[in-house]
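Enquirer: Below you'll find the structure I mean.
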Amino acid sequence: QVQLVESGGGLVQAGGSLRLSCAASGIFFSITTMGWYRQAPGKQRELVAYITSHGSTNYVDSAKGRFTISRDTPKNTLYLQMNSLKPEDTAVYYCKARREDLELAYWGQGTQVTVSS
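Set out below in structure tokens:
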């Protein structure tokens, strides 16, 4: 059974930092592209960043220079270091795992990030 469990969300003041984690189980982590998405109230879910099994990364423009995605393959864990947070970063952040060899994708339950001004 695949499980993606996010943690690390919370309330932070603008300019602050948070580190999100996503612990994965039941998947072949080493051949999976992992990503962070977010969904603000009344808005569609959007990609924030992703990292492939080979370590290639990509970020949405609003995250470049402030967020860093990384993965610890032996620990089956994905991270998102978020610095210089802004109120517009407020959203539920979701972890997504996509197998690179099959049309399979999985989502976590999300973790709330709230940035106060």
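42 is the number that my numbering gives to position 42 of the sequence shown; each next residue is one higher, with no gaps.
Virtual Cβ for every residue (Gly too), placed ideally from N, Cα, C.
Predicted model, so just to flag it, every value in this text is computed and none were measured.
#1: DSSP beta-bridge partners for D72?
#2: Within a Cβ cutoff of 8 Å, which residues of the same chain sit near S17, ignoring the five residues on either side of it in sequence?
#3: Three-state secondary structure (DSSP) at I31?
#4: Could you check what DSSP says for S62 in three-state terms: helix, strand or coil?
#5: Tell me whether the stretch 60-77 and the stretch 1-8 touch, counting them as touching only if at least three CB pairs, one residue from each stretch, are closer than 8 Å.
Expert: On the basis of the coordinates in this document:
#1: Its beta-bridge partners are T77.
#2: The beta carbon of S17 sits closer than 8 Å to the beta carbons of Q81, M82, N83, S84 and L85 from its chain, once the five residues preceding and following it are set aside; these are given in chain order.
#3: Looking at I31 - three-state DSSP - the assignment turns out to be helix.
#4: DSSP places S62 in helix when its eight states are reduced to three.
#5: Flag = no, the stretch 60-77 and the stretch 1-8 do not touch.
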